[in-house]
Amino acid sequence: MDKEYIIDELRLKTEILPNEFDGTYRSVRAAIECYSNVKKIALIDCNDLELLYYLSLGSWKDDAEIRRLLVQNSHLFHNDKLLLEKRLDKIWSSGSKSLFTHIVGKREMEFLTAPFMLRELPIAKNTEAIQFFFKMCINLSGLENDSILFESAQSMLSSQIKDSGMPVYILSRILHCIEPFTFAILGESVTDSIVYKTIGLELKRPDDITQYINNCRKIMDFRDSNFKFKNMRVFDLMSWELLDPKGAPSVAASVPVKEERVRKTSGAPLNQILYGPPGTGKTYNVVKYAVELIEGDRIPSSVPYADIRARYDRYAATGQIKFTTFHQSLSYEEFVEGIRPVVVDRYGNDTSTAHADTTVVYRPYNGVFKSLCEKASKSPHMNFVAIIDEINRGNISRIFGELITLIEESKRGTSVILPYSQTEFSVPANLYILGTMNTADRSIAMLDTALRRRFDFIEMMPQPALLGNCEGVDLCELLTALNERIEYYYDREHAIGHAYFMKSTGCITTLNELREVFSTKIIPLLQEYFFDDYERIRLILNDDNTFIECIAPKYIKQFDSGQRLYRLGSPANWKAGHFINIYRDIS
46 MDKEYIIDEL RLKTEILPNE FDGTYRSVRA AIECYSNVKK IALIDCNDLE
96 LLYYLSLGSW KDDAEIRRLL VQNSHLFHND KLLLEKRLDK IWSSGSKSLF
146 THIVGKREME FLTAPFMLRE LPIAKNTEAI QFFFKMCINL SGLENDSILF
196 ESAQSMLSSQ IKDSGMPVYI LSRILHCIEP FTFAILGESV TDSIVYKTIG
246 LELKRPDDIT QYINNCRKIM DFRDSNFKFK NMRVFDLMSW ELLDPKGAPS
296 VAASVPVKEE RVRKTSGAPL NQILYGPPGT GKTYNVVKYA VELIEGDRIP
346 SSVPYADIRA RYDRYAATGQ IKFTTFHQSL SYEEFVEGIR PVVVDRYGND
396 TSTAHADTTV VYRPYNGVFK SLCEKASKSP HMNFVAIIDE INRGNISRIF
446 GELITLIEES KRGTSVILPY SQTEFSVPAN LYILGTMNTA DRSIAMLDTA
496 LRRRFDFIEM MPQPALLGNC EGVDLCELLT ALNERIEYYY DREHAIGHAY
546 FMKSTGCITT LNELREVFST KIIPLLQEYF FDDYERIRLI LNDDNTFIEC
596 IAPKYIKQFD SGQRLYRLGS PANWKAGHFI NIYRDIS
């Protein structure tokens, strides 16, 4: 890659918002805030520096025990330790991780999660320098102006830290997390400032702590003259991209680069909907469909469902599969992007406490679908799946907005400007959309025409053949008879699925289980279908006054209207013969 190509690539980079990028920024700032409460700074030592550097790398292993141990070994006040643990758990919880925009590559992950031997470094024995560094961090966290930040940092580095043995890679990562628009990440042997070398920006001894501020000034001047972004992390990410180039020769021949992975496709449509009556296994089968789309291969029928489910859970945990459900109150703001109020202090840092020095700002935030699209765009060699359960229950036009055009296969990669963030957005070609639709909730004919045109529909009807014998009752024949009558008296879209007669280990096998299914699922479903028309329900069940009992009024003096009263029969009285009667030949 040549210089101009990399500069053009950097010009295309969008701003990195620290609180949305990953958890390192908020983690380090939270720790510094707690350390500002420490009155005896002389207590701070290597344990505290180890905690701060660990947080600047990020808890990507999500090892809460290591994080908790480092906090407990620190010299924070007891209450501040508890507070910091709580805040870090919230930041790095799996729920919060799914909100981060940064997808860590394999090589970067290996670096971020590699064990570090801080105690073996010269700085570990220089407690005075460590204490001074913490003072420096606390002081810098309250400053805003770049010039003042540089001057303050330079004077502190020159006076106490320059000969302390403090590595630039530790200092720069921590300072970057405090002021990401001012301080660059330098001195790391793996990336070796490769992005700056490639664009021709000559830094003076990047691993020399006395040159750190001058190098940051030089990088900032170059950034402000050529690019729109402010966050110095963009340069760091470009270095990782150069180490693992996609489709281009490496600029670092000495660094072994693994062969680029090619995304494997199954040839399946990008947008599919599994539709059918309730209980036909749509949500059950969506697991298999999603794994097949991720892996680009059909799964043999001999593979146990438990194995498929385990693979599904693994892909969901890594963010390749995202599951959501549509409902009537879901909107564009939750699905694509919206804005939300955030309380910030006078330094622009988020805070949970409002007071005289705070203000409210409105920031755009990513919805479920946009977050997944951005992850997919950053990993073009991988497949991603967005699962939308009950897709027909939402207001499609209200939820999708302009995305109704972008999800088309022919429009993938086409960009539009989103209304809230005013940024370009597109739906990548490696993102599959897999929906499910219950036809009993809304007829397929009533589905949004625009949605129907953009999706391939896969019908899933009841499969009675999957059912067996239940103490003499042929469940296959029973379900076939029920659905034939439902189709005749109502329609086929309100059929009863085979899943009602199945459990995790397979088909139900006892009469008690069958009674439970009928009393709690089948009959209530028929009551809903036929609006409590009990005569029609009795026809469906071929009932002889067992499942639905017809009784004469007892306390009505003038009973001459012929009106009947109906009660659900007692399940204890339902025998095998009654269930067999449902599918008895009545021709």
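Read in order, the letters of the sequence shown correspond to residues 46 to 632 in this note's numbering.
No residue lacks a Cβ here, since even glycine has one placed at the ideal position from N, Cα and C.
Since the structure is predicted, the reported quantities are computational estimates derived from the model, not experimental observations.
Is it buried or exposed, residue i, if we count other Cβ atoms within 10 angstroms and call 16 or more buried?
i: Thr-369; result: buried
i: Phe-228; result: buried
i: Cys-595; result: exposed
i: Ala-75; result: buried
i: Ala-401; result: exposed
i: Lys-170; result: exposed
i: Thr-481; result: buried
i: Glu-454; result: exposed
i: Gly-341; result: exposed
i: Gly-458; result: exposed
i: Arg-56; result: exposed
i: Lys-48; result: exposed
i: Asp-125; result: buried
i: Met-283; result: buried
i: Leu-127; result: exposed
i: Glu-382; result: buried
i: His-372; result: exposed
i: Leu-375; result: buried
i: Thr-69; result: buried
Per DSSP, residue i forms a beta bridge with which residues?
i: Tyr-533; result: For Tyr-533, which the question treats as bridged, DSSP gives no partner whatsoever.
i: Tyr-407; result: Pro-386
i: Tyr-320; result: Met-482 and Glu-504
i: Lys-131; result: Beta-bridge pairing links Lys-131 to no other residue.
i: Cys-515; result: Val-518
i: Tyr-360; result: Tyr-360 is not bridged to any residue.
i: Leu-613; result: Ile-593
i: Lys-367; result: Ala-431
i: Tyr-329; result: None, per the DSSP bridge assignment.
Candidates the options: which alpha carbon is nearest residue i's?
i: Gly-614; options: Ser-217, Phe-414 and Ser-564; result: Ser-564
i: Ser-422; options: Pro-473, Leu-571 and Glu-340; result: Pro-473
i: Arg-152; options: Arg-457, Asn-411, Thr-591 and Leu-287; result: Leu-287
i: Glu-561; options: Tyr-545, Asn-171, Ile-264 and Phe-267; result: Tyr-545
i: Ala-621; options: Leu-556, Ile-568 and Gln-572; result: Leu-556
i: Gly-210; options: Tyr-579, Ile-432, Thr-404 and Ala-174; result: Ala-174
i: Ile-384; options: Tyr-534, Phe-267 and Tyr-407; result: Tyr-407
i: Leu-559; options: Glu-504, Asn-514 and Arg-581; result: Asn-514
i: Gln-508; options: Arg-112, Asp-501, Pro-464 and Ile-541; result: Ile-541
i: Asn-428; options: Arg-113, Leu-570 and Lys-420; result: Lys-420
i: Leu-220; options: Arg-71, Ser-347 and Ala-335; result: Arg-71
i: Ser-234; options: Tyr-534, Pro-212 and Ile-503; result: Pro-212
i: Ala-351; options: Thr-550, Leu-524, Lys-456 and Ile-531; result: Thr-550
i: Asp-208; options: Lys-566, Glu-95 and Thr-172; result: Thr-172
i: Gly-517; options: Asp-191, Arg-583 and Thr-554; result: Thr-554
i: Ile-264; options: Arg-113, Leu-248 and Val-430; result: Leu-248
i: Pro-409; options: Thr-396, Thr-450, Ser-466 and Leu-448; result: Ser-466
i: Leu-157; options: Leu-448, Gly-245, Lys-180 and Tyr-214; result: Tyr-214
i: Asp-589; options: Ile-567, Phe-576, His-623 and Pro-569; result: His-623
In angstroms with no decimal places, state the Cα-to-Cα distance between residue i and residue j.
i: Ala-526; j: Asn-437; result: 28 Å
i: Glu-165; j: Ser-203; result: 24 Å
i: Thr-591; j: Glu-522; result: 19 Å
i: Met-154; j: Asp-252; result: 22 Å
i: Leu-216; j: Glu-60; result: 23 Å
i: Phe-380; j: Asn-411; result: 8 Å
i: Leu-129; j: Leu-115; result: 11 Å
i: Tyr-98; j: Glu-337; result: 40 Å
i: Phe-272; j: Pro-345; result: 51 Å
i: Arg-443; j: Tyr-377; result: 6 Å
i: Arg-609; j: Tyr-574; result: 20 Å
i: Phe-177; j: Asp-93; result: 12 Å
i: Ile-531; j: Met-547; result: 20 Å
i: Pro-225; j: Lys-333; result: 43 Å
i: Arg-497; j: Ile-433; result: 15 Å
i: Val-149; j: Trp-137; result: 14 Å
i: Asn-316; j: Cys-182; result: 50 Å
i: Thr-236; j: Trp-285; result: 7 Å
i: Ala-431; j: Val-413; result: 9 Å
i: Leu-255; j: Ser-397; result: In the sequence as presented, Leu is not what sits at residue 255; that position holds Thr. Looking at the two C-alpha atoms, the distance is approximately 38 Å.
Is residue i near the ligand GTP, judged by its Cβ being under 6 Å from some heavy atom?
i: Leu-115; result: By its list of ligands, the structure shown contains no ligand whatsoever, and the ligand GTP lies outside what it can speak to.
With a threshold of 8 Å, are at least 3 pairs of Cβ atoms found where one atom belongs to the stretch 237-245 and the other to the stretch 69-82? Note that the stretch 237-245 does not touch the stretch 69-82; fewer than 3 beta-carbon pairs, one per stretch, sit closer than 8 Å.
When you compare the stretch 386-398 with the stretch 357-373, are there three or more beta-carbon pairs, one atom per stretch, that lie closer than 8 Å? With the cut-off at 8 Å, the stretch 386-398 and the stretch 357-373 do not touch.
Any chance the stretch 190-208 sits against the stretch 119-129, with 3 or more Cβ pairs inside 8 Å? no
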